[in-house]
Amino acid sequence: MADTSEFSYGSHLQLDKLLSTQVPVSGRHDELLFIIQHQTSELWFRLVLAEIDAARSRLKAGDLRGALKALKRVAVVLYHLVQSWEVLRQLDPVDFLSFRGDLGEASGFQSWQYRLLEFALGNRERHMLDAHRDRPEAIAQLEAELSRPSLYQECLIVLDAGIGAEIPIEALVPGGGYEQQQAVLDGWAVVYRDRARHAELYDLAEQLIEIEDRFRCWRFNHVTTVERVIGAKGGTGGTSGVHYLRRMLDVVLFPELWEVRTVL
Numbered sequence: 001m002a003d004t005s006e007f008s009y010g011s012h013l014q015l016d017k018l019l020s021t022q023v024p025v026s027g028r029h030d031e032l033l034f035i036i037q038h039q040t041s042e043l044w045f046r047l048v049l050a051e052i053d054a055a056r057s058r059l060k061a062g063d064l065r066g067a068l069k070a071l072k073r074v075a076v077v078l079y080h081l082v083q084s085w086e087v088l089r090q091l092d093p094v095d096f097l098s099f100r101g102d103l104g105e106a107s108g109f110q111s112w113q114y115r116l117l118e119f120a121l122g123n124r125e126r127h128m129l130d131a132h133r134d135r136p137e138a139i140a141q142l143e144a145e146l147s148r149p150s151l152y153q154e155c156l157i158v159l160d161a162g163i164g165a166e167i168p169i170e171a172l173v174p175g176g177g178y179e180q181q182q183a184v185l186d187g188w189a190v191v192y193r194d195r196a197r198h199a200e201l202y203d204l205a206e207q208l209i210e211i212e213d214r215f216r217c218w219r220f221n222h223v224t225t226v227e228r229v230i231g232a233k234g235g236t237g238g239t240s241g242v243h244y245l246r247r248m249l250d251v252v253l254f255p256e257l258w259e260v261r262t263v264l
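Position 249, counted from 1, in the sequence shown is what UniProt numbering calls 249; the numbers after and before it change by one each time, with no gaps.
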């Protein structure tokens with residue numbers, strides 16, 4: 001156990017170190033808001049990733065209630081992240097343009113934690129690794145994520161064990177993107193049609209829907225915030241800016257859980 005005899009609020013949170021990491025490069029007042037917005041988002045991403053890892057471990061151990069607790073935390077943090085875009089919207093276009101040129105090619109597109117989150121949730125486009133080639137430690141973590149089942153795949157393993165859904169093995173293989181499976185849709189339909197019998201699986205399905213719903217809201221707020229601030233300008237990281245972000249709105253993480261509402 002760590003020696004806590006000299007622990008204080010500041011030492012436990014390492015506030016001296018934390019509060020020294022906001023280093024504006026432009027000298028513009030509004031850059032501090034920009035930095036803190038993104039730093040706090042990265043901290044919340046770290047927590048979301050930890051809770052997703054906990055959920056997957058608990059699913060593998062057969063602790064469905066424990067997994068649901070972790071997934072509830074994921075949804076709550078995503079709700080907070082959705083609301084946090086309101087802070088960045090306090091930058092008007094002129095405010096941001098006053099220091100945008102000082103950012104060089106730095107871009108949120110280079111956030112390896114965000115990419116890790118996308119991979120963990122099942123949006124696994126390997127070409128997205130290219131944005132992180134200059135950081136071997138990030139590539140190692142991203143490759144490790146691609147080598148394990150996504151959150152949804154772990155849930156499908158539990159679904160298969162719970163009701164004998166006969167899910168094709170290719171749907172459970174880590175690495176590539178996930179494609180909708182009829183057996184998975186049929187399995188979730190069984191759960192939804194008899195919620196009393198499959199209460200925990202139903203709760204799991206609805207918690208996944210809550211997570212994707214909030215992640216969609218986060219993406220949408222990202223698009224509208226960027227458009228409010230820079231319009232249709234290209235992104236600093238070489239992306240097409242708002243046009244790229246709009247394409248991301250079409251990504252569906254847990255397709256059968258949305259489709260099952262149609263077939264019921």
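No residue lacks a Cβ here, since even glycine has one placed at the ideal position from N, Cα and C.
* Asked: Is DSSP giving residue 231 helix, strand or coil here?
  -> The residue given as residue 231 occupies position 231 in the sequence shown. Coil at residue 231, not helix or strand.
* **For residue 36, three-class secondary structure by DSSP** => Start at 1 with the first residue of the sequence shown, and residue 36 comes out as number 36. Under the three-state reduction of DSSP, residue 36 is assigned to helix.
* With a 10 Å radius around its C-beta and 16 neighbouring C-beta atoms as the bar for buried, classify residue 21 as buried or exposed. => Taking the first residue of the sequence shown as 1, we reach residue 21 at position 21. Per the 10 Å Cβ criterion, exposed.
* Of the listed residues 155, 139 and 28, nearest to residue 110 (C-alpha basis) -> Here residue 110 corresponds to residue number 110 of the sequence shown, with the count starting at 1. Comparing Cα-Cα distances from residue 110 to each of 155, 139 and 28, the minimum goes to 139.
* Spatial distance of residue 176 from residue 148 (CA atoms) -> Residue mapping note: residue 176 aligns to position 176 of the sequence shown, counting from 1. Residue mapping note: residue 148 aligns to position 148 of the sequence shown, counting from 1. Computed Cα separation, rounded: 11 Å.
* Identify whether residue 168 lies in helix, strand or coil by the three-state DSSP scheme. => As a position in the sequence shown, residue 168 is number 168, starting the count at 1. The DSSP-derived three-state label of residue 168 is coil.
* Helix, strand or coil: how does DSSP classify residue 179 here? -> Along the sequence shown, read from residue 1 onward, the residue named residue 179 stands at position 179. Residue 179 falls in the coil class under three-state DSSP.
* Spell out a yes or no on whether the region 17-35 and the region 65-73 are touching, meaning 3 or more CB-CB pairs, one atom from each, closer than 8 Å. => Verdict: no, contact absent.
* **Own chain residues within Cβ distance below 7 Å of residue 89, not counting five before or after** => Numbered from 1 along the sequence shown, position 89 holds the residue referred to as residue 89. Cβ neighbours of residue 89 beyond the five flanking positions: 225 and 228.
* Asked: Counting Cβ pairs closer than 8 Å, one from the region 144-159 and one from the region 109-126, do we hit at least three?
  -> Inter-segment contact for the region 144-159 and the region 109-126 is present: three or more beta-carbon pairs are separated by less than 8 Å.
* Reference residue 180; option with closest CA among 256, 76 and 40 -> Counted from its first residue, the sequence shown places residue 180 at position 180. Taking only the C-alpha atoms, the option nearest residue 180 is 256.
* Have a look at residue 212 and residue 13 and give me their C-alpha separation to the nearest angstrom. => Here the question's residue 212 lines up with position 212 in the sequence shown. Here the question's residue 13 lines up with position 13 in the sequence shown. One C-alpha to the other measures close to 31 Å.
* Name the two residues that bound the continuous alpha helix (DSSP H) containing residue 243. => Along the sequence shown, one-based indexing puts residue 243 at 243. Taken as a continuous stretch (DSSP letters only), the alpha helix (DSSP H) holding residue 243 covers 242-248.
* Asked: Once you ignore the five residues that flank residue 153 on each side, which residues in its own chain have a CB closer than 6 Å to its CB?
  -> Locating residue 153 in the sequence shown gives position 153, where the first residue counts as 1. Taken in chain order, the residues that qualify are 172.
* Of the residues 34, 16 and 163, the one placed nearest residue 279, counting alpha carbons only -> A query on residue 279 cannot be resolved here, the shown segment of the chain reaching from 1 to 264 and no further.
* To do: Quick one: grab the DSSP three-state call for residue 127.
  => Position 127 of the sequence shown holds residue 127. Three-state DSSP puts residue 127 in a helix.
* Pull up the distance between the alpha-carbon of residue 83 and that of residue 204, whole angstroms please. => On the sequence shown, position 83 is the one that residue 83 refers to. On the sequence shown, position 204 is the one that residue 204 refers to. Residue 83 and residue 204 have their C-alpha atoms spaced approximately 24 Å apart.
* To do: Check residue 7 in the structure and name its three-state DSSP category.
  => Taking the sequence shown and counting its residues from 1, the one referred to as residue 7 is at position 7. Here residue 7 sits in coil by DSSP.
* How big is the Cα-Cα spacing for residue 123 and residue 165? -> Counted from its first residue, the sequence shown places residue 123 at position 123. Counted from its first residue, the sequence shown places residue 165 at position 165. Near 23 Å, if we compare the C-alpha coordinates of residue 165 and residue 123.
* Leaving out the 5 sequence neighbours to the left and right, which residues in its chain are closer than 7 Å to residue 54 when beta-carbon positions are compared? -> Locating residue 54 in the sequence shown gives position 54, counting from the first residue. Listed in chain order, the non-local C-beta contacts of residue 54 below 7 Å within the same chain comprise 70, local neighbours out to five positions each way being set aside.
* Buried or exposed for residue 7, please, with buried defined as at least 16 other CB atoms from any protein chain shown within 10 angstroms of its CB. => Position 7 of the sequence shown, counting from 1, holds the residue named residue 7. Exposed, because fewer than 16 other Cβ atoms sit within 10 Å of the Cβ of residue 7.
* Determine the closest residue to residue 155 out of 259, 52 and 44, with distance taken between C-alpha atoms. => Position 155 of the sequence shown, counted from the first residue, corresponds to residue 155. Of the candidates 259, 52 and 44, the one whose C-alpha sits nearest the C-alpha of residue 155 is 52.
* Asked: What residues in its chain sit with their C-beta under 8 Å from that of residue 246, if we drop five residues either side in the sequence?
  -> Here residue 246 is taken as the residue at index 246 of the sequence shown, counted from 1. Cβ neighbours of residue 246 beyond the five flanking positions: 223.
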